[in-house]
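*Asks:* First residue of the sequence shown? That's 1 in full-length UniProt numbering, and the numbers climb one at a time after it.
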Amino acid sequence: MERETARETIDQRPQPRWRLRESRTSGADELASIKVKGPWKTRHGGSSCPPPLVARKGSEDSQQRALAEALGLELPEGLNNHERRRETFHHGRHDLGLRVDMVERNHDAQVQELDHQRQELLTLHDSNRVLQYRLEDHENRSRCSNICIRGVPAQATPGSLEDFVIRLFWHIKDQEKILDRTHRAGHPSRAPGPAQDILACLHCYKQKKQILASVRDLNARHFDSHKIYLYLDLSPRMLQCR
């Protein structure tokens, strides 16, 4: 019993490295002696040993060579594509620069033309204003001998309108008057409404001034039971300004 206890104690002591190496070697031999079963055997055609490392390394080398050959073939094509794209980009940028220059030149020309047209428009505006003033002046000058008579109904002049105006002026200023023309203002076919004004053109401008001077202090003149007003005959624009 004492000998067996001593042997167990010796076996439990730490073993030296050379014994561990022997034990590992013996374990590897035992694993090698075991027959491989299952998927490994089926995958490698019934072989009980794994393929050698040399064969696996050779397959990796062949894959690397194939990849290098593929890259060698694709690299020049990729460089050519890159060159073509760069040339296309360069041409597009050059074309864009030309278009921008053309747009800038056209813009400058349009700005100059716009300034020129603005100056012409201002000149035409001034000329138009001068022409309107002159036209207004000529129109008022053509009316300078006219007298506008308001408040005479149509039934008050059954006969000649000129005879009625001559009698009116004789009533205002006791002297002979010479009329060039007399007529109703506006269109004769106007709808019924207030009586249209009478325009009387005197032959002498001085007689017009004398008649208007006689009625200047009076608001209205009563003639033939009618309330009559006398006004200057002015253009519509002049009347608006007043």
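The beta-carbon is built from N, C-alpha and C at its ideal position, and this holds for glycine as well.
Going by beta carbon distance, what residues of the same chain come within less than 7 Å of residue 208, once the five residues before and after it are set aside?
*Replies:* 145, 147, 202
*Asks:* So, residue 185 versus residue 153, is the Cβ gap smaller than 9 Å?
*Replies:* no
*Asks:* By Cβ distance below 7 Å, which residues in the same chain neighbour residue 162 in space, the five residues on each side in sequence not counted?
*Replies:* 179, 182
*Asks:* Apart from the five residues just before and just after residue 165, which ones in its own chain have a Cβ nearer than 8 Å to its Cβ?
*Replies:* 149, 179, 182, 198, 200
*Asks:* Just the C-alpha distance for residue 233 and residue 140, rounded to the nearest angstrom, thanks.
*Replies:* 8 Å
*Asks:* Give the secondary structure of residue 178 by DSSP, where H, G and I count as helix, E and B as strand, and everything else as coil.
*Replies:* The answer is coil: DSSP assigns residue 178 none of H, G, I, E or B.
*Asks:* If contacts are defined as beta-carbon pairs under 8 Å, then residue 223 and residue 168 qualify, I think. What distance do you get, rounded to the angstrom?
*Replies:* 6 Å
*Asks:* Would you report the Cα separation of residue 119 and residue 107, rounded to the nearest angstrom?
*Replies:* 18 Å
*Asks:* Where do the N-terminal and C-terminal ends of the alpha helix (DSSP H) with residue 237 fall, by residue?
*Replies:* That run of the alpha helix (DSSP H) goes 236-241.
*Asks:* So within the region 78-161, which uninterrupted beta strand (DSSP E) runs reach at least 3 residues, ignoring any that extend past its ends?
*Replies:* 146-150
*Asks:* With a threshold of 7 Å on Cβ separation, who are the neighbours of residue 97 within its own chain once the five nearest residues in sequence on each side are excluded?
*Replies:* Sequence-distant partners of residue 97 (beyond 5 residues in either direction) whose C-beta falls short of 7 Å from its own C-beta are missing from its chain.
*Asks:* Is it right to say residue 177 is buried, meaning 16 or more other beta carbons lie within 10 angstroms of its own, or is it exposed?
*Replies:* buried
*Asks:* Alpha carbon to alpha carbon, how far is residue 213 from residue 229?
*Replies:* In a straight line, the C-alpha of residue 213 is about 13 Å away from that of residue 229.
*Asks:* Apart from the five residues on each side of it in sequence, which residues of its chain come closer than 6 Å, Cβ to Cβ, to residue 92?
*Replies:* none
*Asks:* What residue range is occupied by the uninterrupted alpha helix (DSSP H) comprising residue 213?
*Replies:* Residues 205-214.
*Asks:* First and last residue of the beta strand (DSSP E) that includes residue 200?
*Replies:* Its beta strand (DSSP E) spans residues 198-202.
*Asks:* Considering Cα atoms alone, identify which of 231, 241, 240 is closest to residue 143.
*Replies:* 231
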